[in-house]
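Engineer:
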Amino acid sequence: MTDPVTYFWIAVSVIILVVDLWAIISVFRSDKADVTKAMWALMLLALPVVGLAIWAAMVGLTTSGRRRRHGVAQVRVRSRVGVTPARTTGV
Numbered sequence: 001m002t003d004p005v006t007y008f009w010i011a012v013s014v015i016i017l018v019v020d021l022w023a024i025i026s027v028f029r030s031d032k033a034d035v036t037k038a039m040w041a042l043m044l045l046a047l048p049v050v051g052l053a054i055w056a057a058m059v060g061l062t063t064s065g066r067r068r069r070h071g072v073a074q075v076r077v078r079s080r081v082g083v084t085p086a087r088t089t090g091v
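What the sequence shown shows, in full-length UniProt numbering, is residues 1 to 91, in sequence order.
1. Just mark Ile-24 as buried or exposed, buried being the case when its beta carbon has 16 or more other beta carbons within 10 Å.
2. Could you check what DSSP says for Ala-86 in three-state terms: helix, strand or coil?
3. To which residues of the same chain is Lys-37 closer than 8 Å at the C-beta, ignoring the five residues directly before and after it?
4. Does Trp-55 pass the burial test, meaning 16 or more other C-beta atoms within 10 Å, or should it be called exposed?
5. Could you have a look at Lys-37 and say whether DSSP puts it in helix, strand or coil?
6. Measure the alpha-carbon distance for Val-49 versus Tyr-7 and round it to whole angstroms.
7. Would a C-beta distance cut-off of 8 Å place Leu-52 and Asp-20 closer than the cut-off?
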């Protein structure tokens with residue numbers, strides 16, 4: 001192989017490794033059962049690319065509702081914080 005091609009595949013491998021490790025850490029930080037965490041970690045280790053794609057799809061499906069609710073809560077808190085000082089100062 002030529003040097004640029006070798007460096008390209010090394011970079012791709014490092015990126016996949018870093019993202020895979022991030023996914024494994026996220027799995028162990030989740031509030032799922034220990035058996036579920038172990039199965040996800042094994043799948044991510046055995047099938048780094050395919051397992052990562054499946055994990056990302058499943059996480060996207062299960063947390064999309066939580067993210068939406070959390071975003072709404074943040075907007076409400078920010079609007080209250082912004083409105084309260086204006087009312088108390090009379091401006």
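We put the CB at the ideal spot given by N, CA and C, even for glycine. Model, not experiment: these values are computed from the prediction.
Structural biologist: The relevant details are as follows:
1. The residue you call residue 24 lines up with position 24 of the sequence shown. Burial call: buried.
2. Numbered from its first residue, the sequence shown carries residue 86 at position 86. Only weak support exists for where Ala-86 lies, its pLDDT of 49 falling under 50; the value from the coordinates is given anyway. Here Ala-86 sits in helix by DSSP.
3. Here residue 37 corresponds to residue number 37 of the sequence shown, with the count starting at 1. Only Val-27, Phe-28, Ser-30 meet the Cβ criterion.
4. Start at 1 with the first residue of the sequence shown, and residue 55 comes out as number 55. Buried, since its Cβ has 16 or more Cβ neighbours within 10 Å.
5. Numbered from 1 along the sequence shown, position 37 holds the residue referred to as residue 37. Residue state, collapsed to three classes: helix.
6. As a working mapping, residue 49 is identified with position 49 in the sequence shown. As a working mapping, residue 7 is identified with position 7 in the sequence shown. Each residue's alpha carbon lies about 19 Å from the other.
7. Within the sequence shown, numbered from 1, the residue matching residue 52 stands at position 52. Within the sequence shown, numbered from 1, the residue matching residue 20 stands at position 20. Their beta carbons are under 8 Å apart, which means Leu-52 touches Asp-20 by this criterion.
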